[in-house]
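Position one of the sequence shown corresponds to residue 62 (the numbering used here), numbered consecutively onward. Even glycine gets a Cβ: it sits at the ideal position worked out from N, Cα and C. Read through the structure below, which is laid out as structure tokens, and then see the notes.
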Amino acid sequence: MIAGVLAWLLWPKTDWFDGSKMEEFVAVQIPSEDKLPDSGVDAYIDFSNGMQHAYKDTGIKDNLMGIVNKLTKTSEFYSLANEEITPLGRQDSKEIFNRIVSEKSYDNTSAPIEKTLARILKEQRPAFLMTDFEEFTGGRIQLENYAKKYFTDWVKTGKNITFYVMDFVENGKPKHLYFTVFDDYGQRLVKQIDDALEGKHANYTRFQLANNLFPVSRSYETQISDGDAVTYKGGYFKGGNYHDANEVDAVSMIDESGTKQAYRVLEGWIAEFYPSQAESWKQILDNAAMLAEEKLDPQAVKDMKVMPFRHLLSERYFDLTCNSGYVIDEIGLKVYDVTGQYRSQFDENYTGNSSAVPVYDFLRLGKTEVDSPGEFEVLVDFDPKFNGTFSSEEGQTALYRVDIVVKKATPRYELVNQLFAWPGNNSLAESVRNTLQAVNPDDHNSTEPDGKIIYTAYFRVNGK
């Protein structure tokens with residue numbers, strides 16, 4: 062009896078995993094994008110001589126009124142003129158609007174645009190900047206790409222810049238006016254500006270500087286936290302894994318019980334957790350083979366009495382056109398064994414490898430275009446080379462991270478000159494062009510393993 066107890070105590074512990082800690086794990090391994098404060102917006106208005114010509118356009122004037130009405134209650138407005146950034150003080154929306162459009166407000170020179178960009182970067186608050194981006198140095202227009210540093214530093218931390226570009230004429234010279242929004246991944250300020258401009262008459266072009274805006278939607282239900290359990294709209298606890306006619310996963314046997322050990326979207330990250338109750342990946346592969354479409358009764362499939370297994374994961378849709386600065390030419394899939402990362406984080410006695418280990422010949426990516434142009438259903442399938450076994454038995458119960466990444470992205474340079482240059486001044490165009498080069502999401506020198514991660518799924522087989 063004593064010998065049996067002693068043997069049990071000395072036996073290596075294999076139950077090292079706790080699914081309820083996935084959010085804590087992901088918070089360390091994939092830090093969320095930098096977030097800006099929820100409260101307060103800084104609104105900077107260029108009052109330098111010449112800007113008044115923009116408001117002779119009734120459409121631009123109408124757009125401006127919508128912006129001022131939307132931002133007045135939550136924003137601190139500043140005047141940019143005579144090399145100074147000056148608070149306008151607390152005024153109602155009508156007073157601020159009238160001051161901006163009055164020609165008497167423009168007996169000034171030299172709006173300090175670069176100083177304002179430096180301030181926005183330092184303050185790390187949502188900001189709205191209205192200007193033509195003409196920077197004067199020593200009485201002359203700055204023709205160097207002075208804005209590039211500030212644009213790049215803002216975007217590299219996961220935030221974004223949205224330009225609303227409008228055309229106007231100053232003394233016979235065609236120019237652009239920019240409503241520029243500095244925001245984070247949540248795009249709360251951008252949404253306010255979009256709302257303010259909805260239904261307005263002026264034509265504008267919207268352009269974003271970002272390397273992380275790739276919206277993802279799922280046709281399955283969205284979760285709502287509820288204490289220790291997780292409930293879903295409609296009562297579902299299901300992901301993009303296979304489900305049969307009875308809504309049961311008879312292939313990968315994902316735990317969909319709704320507990321903190323079960324499948325869930327990992328809130329705060331574009332990621333999901335898929336824990337399997339299968340004994341091994343070999344069992345999952347065998348289940349998939351038995352439910353392959355060619356092995357099922359065609360009439361039963363047609364009548365939806367049985368559901369063939371087609372993909373390990375599906376019903377996940379990516380809009381690859383939303384990021385206006387890039388054309389996403391190719392996406393890819395990377396798989397890592399992150400068992401060591403997990404164990405080193407939660408087990409102080411763990412002394413093994415603590416790095417993510419690439420895994421090959423396991424899963425592969427499929428991509429199917431759906432009805433909307435540029436929208437793709439991204440599919441995850443078993444690699445044909447995978448036979449259900451790994452190089453070591455530990456691979457059966459390892460924690461795997463499956464990343465969908467940008468493999469190739471082409472900056473849309475054809476838009477840059479069109480939107481950001483005008484006769485005699487390419488400074489802003491060069492700043493935008495250089496920023497697109499610097500923050501390209503397929504940059505292999507970035508902090509990501511091989512380009513920007515746009516979606517992650519974690520898999521683990523229980524093995525019991």
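Check: For residue 296, I'd like the list of residues in its chain whose CB is within less than 7 Å of its CB, leaving aside the five on either flank, ordered along the chain.; Outcome: Confidence is the limiting factor: at residue 296 the pLDDT is only 41, short of 50, which leaves the residue's position unreliable, though a coordinate-based value still follows. So the list is empty, once near-sequence residues are dropped.
Check: Using a Cβ-Cβ cutoff of less than 6 Å, which residues in the same chain neighbour residue 501 once the five nearest sequence positions on both sides are dropped?; Outcome: 470
Check: Between residue 480 and residue 494, what straight-line distance do the alpha-carbon atoms span, to the nearest angstrom?; Outcome: 11 Å
Check: Return helix, strand or coil for residue 342, following the three-state DSSP convention.; Outcome: helix
Check: Could you give the DSSP three-state label for residue 331: helix, strand or coil?; Outcome: coil
Check: Go ahead and pull the three-state DSSP assignment for residue 225.; Outcome: strand
Check: What number of angstroms, rounded off, separates the C-alpha of residue 476 from the C-alpha of residue 490?; Outcome: 9 Å
Check: Using three-state DSSP, classify residue 249 as helix, strand or coil.; Outcome: helix
Check: In the DSSP assignment, what are the bridge partners of residue 483?; Outcome: 486
Check: The beta strand (DSSP E) with residue 164 in it runs from where to where?; Outcome: Careful: residue 164 lies outside any beta strand (DSSP E) and carries neither H nor E.
Check: Could you work out which residue in 522, 414, 517 and 210 is closest to residue 87 when comparing CA atoms only?; Outcome: 517
Check: Here's the rule I'm using: 16 or more other beta-carbon atoms within 10 Å means buried, otherwise exposed. How should residue 301 be labelled?; Outcome: buried
Check: Could you give the C-beta distance for residue 519 and residue 126, rounded to a whole number, given that I count them as a contact under 8 Å?; Outcome: That pair is no contact at about 48 Å.
Check: How would you write the range of the beta strand (DSSP E) that residue 236 sits in, first residue to last?; Outcome: 234 to 244
Check: So residue 397 and residue 418 are in contact, right, with Cβ under 8 Å, and what is the actual spacing, rounded?; Outcome: 6 Å
Check: According to DSSP, simplified to helix, strand and coil, what is residue 97?; Outcome: coil
Check: Measure the alpha-carbon distance for residue 416 versus residue 460 and round it to whole angstroms.; Outcome: 12 Å
Check: Using the DSSP secondary-structure output, state which residues sit across from residue 141 in a beta bridge.; Outcome: 107 and 146
Check: Can you look up residue 271 in the DSSP assignment and give me helix, strand or coil?; Outcome: coil
Check: Between 325, 487 and 120, which has its C-alpha nearest residue 299's C-alpha?; Outcome: 325
Check: Quick one: measure Cβ to Cβ for residue 245 and residue 99, integer angstroms, because I've assumed they're closer than 8 Å.; Outcome: So it is not a contact: roughly 10 Å between Cβ atoms.
Check: How far does the beta strand (DSSP E) with residue 533 in it extend, from its first residue to its last?; Outcome: An answer regarding residue 533 cannot be provided, because it is not within the stretch 62 to 525 covered by the chain.
Check: Could you tell me if residue 124 is buried or exposed, where buried requires 16 or more neighbouring beta carbons within 10 angstroms of its beta carbon?; Outcome: buried
Check: By the 10 Å Cβ neighbour count, where 16 or more other Cβ atoms means buried, how is residue 377 classified, buried or exposed?; Outcome: buried
Check: How close, in whole Å, do the beta carbons of residue 467 and residue 513 come, if the pair is a contact with beta carbons under 8 Å?; Outcome: 5 Å
Check: Are residue 137 and residue 173 close, meaning C-beta to C-beta below 8 Å?; Outcome: no
Check: Taking DSSP as the reference, what is the three-state secondary structure of residue 368?; Outcome: coil
Check: So residue 226 and residue 239 are supposed to be a Cβ contact under 8 Å. How far apart are they, rounded?; Outcome: 6 Å
Check: Return the first residue and the last residue of the alpha helix (DSSP H) that residue 473 is part of.; Outcome: First-last for residue 473: undefined, no H or E at that position.
Check: List the endpoints of the continuous beta strand (DSSP E) containing residue 423.; Outcome: First-last for residue 423: undefined, no H or E at that position.
Check: With a threshold of 8 Å, are at least 3 pairs of Cβ atoms found where one atom belongs to the segment 304 to 312 and the other to the segment 350 to 370?; Outcome: yes
Check: Which of helix, strand or coil does DSSP assign to residue 80?; Outcome: helix
Check: Based on DSSP bridge pairs, tell me the residues matched to residue 188.; Outcome: 103 and 243
Check: Could you spell out the range, first to last residue, of the alpha helix (DSSP H) harbouring residue 153?; Outcome: Residue 153 -> no alpha helix (DSSP H), and no H or E assigned at all.
Check: Could you tell me if residue 319 is buried or exposed, where buried requires 16 or more neighbouring beta carbons within 10 angstroms of its beta carbon?; Outcome: buried
Check: Does residue 129 pass the burial test, meaning 16 or more other C-beta atoms within 10 Å, or should it be called exposed?; Outcome: buried
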